[in-house]
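Residue numbers (our numbering), protein chains in the order written: chain A, 1 to 230; chain B, 231 to 460.
Every residue, glycine too, gets a C-beta built ideally from N, C-alpha and C.
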DNA sequence: ATGGCAAATGACCGCCAGTCATTTAATTGA
DNA sequence: TCAATTAAATGACTGGCGGTCATTTGCCAT
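Here is the structure:
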């Protein structure tokens, strides 16, 4: 009875092939400019076949960007599994996110185009469900060393783990979008290494949330923050 | 020779009417779902006429969102014209941005949909030029009290005004996007006032960038930061 | 061989951004 | 007052794209 299973495998492989083809096209053209005919051609399939595997262009778009979420998840997992002190592991998460931003820029970009109405209104509920679950997994990862640091009394207790996670994440993300978009004006006017600025900004915020003992112990270990003589 | 000028005025009025109609439709449907026919009907004009005034749907979209930029500009102008100490005026900017986010949410949202490839690839260069100039005006406004605070030795000197402006703006913006999108997971899992969190995050960051004297003087005046006993 | 079944196809549909030949309205000059 | 001229507005039309579905293709069991 191996035939059914082989069929299953082949179907999964098709799915992946389609995602890969879609990835190529979406990376090059973005959601709005990409066409299903183009993706079909890249996948060496007919357009009709695509719709056997994915309900809509937007579904396919999400499917591609979920690959990015997996990559980010793995990077985060590695970042907190070092056995280092909790504050260091939190800083590692910032660096991991930066690596993701740097080396997997197109996935990063796709993830924020997802916010558009076009995507949210077209995408099927089941796929949306997967996104939510995925997002939860990643947040849990981020909160892990934060919880530890709180228990160790290294972060201000009036903040919840989720609050801290949200603040740190938003701060990075906000600056990353700015960098990615490279606002024409900023590009010209600002002779500044924006990535270094991002590191600094992260360090500032994390430091501000640390208790005094933690600051004495760990401030010097935060990346690109050595010049800060406080 | 008043006829030519009257014609001019009428044409400008038409332009505004069209923007207003487009605004209604874009607010309701977003860029992708809105149709030019719908906008034409709202404006009580034919579709062809719209194209006499705006080159593309995306141009029209930008034209609408520039109204938002003007509003933000005015709010910022008011925020820094109070004659208060520089640090307070910087904090005012944060509050002004929050007011913009709160009371003019749809403009805020439109401004970040602008980042999509769909908009950038379709919009005409002259309109893009206006956007850049607009952006410059707003950044200048933000940097004004920051420059003063630096001169007064209230902010760490190793940071440039632009760097500080970018950090503060990005931090607010990142969290605002998160709030606006209301990530399904966060909404459920986080029993937290995200707006209060945004204020806190802003205060943390600003405080971290202040020199010690400034901290002694001004920390207590920052919004929603009173509970912070440091 | 042959019937059955899932996978794949591509012609086709409806919708929409954008165009353009034509119509309508306002202004001018005689 | 009435052509003539010019500017503004129109809406039928086109091309392209997302999505569908009746038909075909190819694989397997009998």
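Neighbourhood of residue i by C-beta distance below 6 angstroms, restricted to the same chain and skipping five residues each side
| i | result |
| --- | --- |
| residue 185 (chain A) | none |
| residue 55 (chain A) | 124 |
| residue 145 (chain A) | 80, 86, 89 and 90 |
| residue 148 (chain A) | 86 |
| residue 212 (chain A) | none |
| residue 218 (chain A) | 87 |
Bridge partner(s) assigned by DSSP for residue i
| i | result |
| --- | --- |
| residue 380 (chain B) | According to DSSP, which records beta bridges pairwise, residue 380 (chain B) is partnered with nothing at all. |
| residue 210 (chain A) | A:155 |
Cβ-based neighbour list, residue i, same chain, cut-off 8 angstroms, excluding 5 preceding and 5 following
| i | result |
| --- | --- |
| residue 206 (chain A) | 87, 90, 91, 94, 168 and 222 |
| residue 59 (chain A) | 122, 123, 124 and 127 |
| residue 198 (chain A) | 98, 172, 175, 176 and 179 |
| residue 193 (chain A) | none |
| residue 73 (chain A) | 134, 137, 138 and 141 |
| residue 459 (chain B) | Note that residue 459 (chain B) has pLDDT 39, beneath the 50 cutoff, so the model's placement of it is unreliable and the number below is only indicative. None. |
| residue 262 (chain B) | 348 |
| residue 236 (chain A) | Within the shown structure, residues of chain A are numbered from 1 to 230, placing residue 236 (chain A) beyond reach of any answer. |
| residue 84 (chain A) | 92 |
| residue 66 (chain A) | 130, 131 and 134 |
Check whether residue i and residue j have beta carbons under 8 angstroms apart
| i | j | result |
| --- | --- | --- |
| residue 18 (chain A) | residue 43 (chain A) | yes |
| residue 343 (chain B) | residue 330 (chain B) | no |
| residue 252 (chain B) | residue 233 (chain B) | no |
| residue 405 (chain B) | residue 365 (chain B) | no |
| residue 279 (chain B) | residue 30 (chain A) | no |
| residue 298 (chain B) | residue 266 (chain B) | no |
| residue 53 (chain A) | residue 15 (chain A) | yes |
| residue 345 (chain B) | residue 181 (chain A) | yes |
Proximal residues to residue i (C-beta, below 7 angstroms), its chain only, five neighbours per side dropped
| i | result |
| --- | --- |
| residue 34 (chain A) | 25 and 26 |
| residue 439 (chain B) | 385, 386, 389 and 394 |
| residue 457 (chain B) | Its pLDDT being 43, under 50, residue 457 (chain B) is placed unreliably in this model, and the coordinates cannot settle the point. |
| residue 76 (chain A) | 93, 96, 138, 141 and 142 |
| residue 263 (chain A) | For residue 263 (chain A) there is no data in the structure shown, the boundaries of chain A being 1 and 230. |
| residue 46 (chain A) | 40 |
| residue 218 (chain B) | For chain B, the structure presents residues 231 to 460; residue 218 (chain B) sits outside this window and is missing. |
| residue 445 (chain B) | 437 |
| residue 106 (chain A) | 27 |
| residue 391 (chain B) | 373, 376, 377 and 380 |
| residue 294 (chain B) | 249, 252, 253, 256 and 340 |
| residue 131 (chain A) | 62 |
| residue 57 (chain A) | 36 |
| residue 11 (chain A) | none |
Residue i CB to nearest heavy atom of the ligand NAD below 7 angstroms
| i | result |
| --- | --- |
| residue 108 (chain A) | The ligand NAD is not part of the structure shown, which contains no ligands of any sort. |
Problem set entry | Contained beta strand (DSSP E) runs [length at least 3] in the segment 247–297 of chain B, N- to C-terminal order | List check, beta strand (DSSP E) in window: nothing returned.
For this session: With 7 angstroms as the limit, tell me which residues of the segment 128–144 of chain A have their beta carbon closer than that to any beta carbon of chain B; keep them in chain order.
Result: 132, 135, 136 and 139
For this session: Could you name each continuous beta strand (DSSP E) segment of 3 residues or more that falls completely within the segment 350–415 of chain B, going from the start of the chain to the end?
Result: Runs found: none.
For this session: Below 7 angstroms between beta carbons is the criterion; list the residues of the segment 392–409 of chain B that meet it against any residue of chain A, in chain order.
Result: 392, 393, 396, 397, 400, 401, 403, 404, 405 and 408
For this session: For the segment 105–131 of chain A, enumerate the residues whose C-beta is nearer than 7 angstroms to any C-beta of chain B, in chain order.
Result: 113, 115, 116, 117, 118 and 121
Problem set entry | Near-chain B residues of the segment 43–62 of chain A (beta-carbon distance less than 9 angstroms), N- to C-terminal order | none
For this session: Output, in sequence order along the chain, the residues in the segment 234–260 of chain B whose CB is closer than 8 angstroms to any CB in chain A.
Result: 259 and 260
Problem set entry | Contact set between the segment 200–219 of chain A and chain B, restricted to residues whose Cβ is under 7 angstroms from the partner | Hits within the stretch, in order: 201, 204, 205, 207, 208 and 209.
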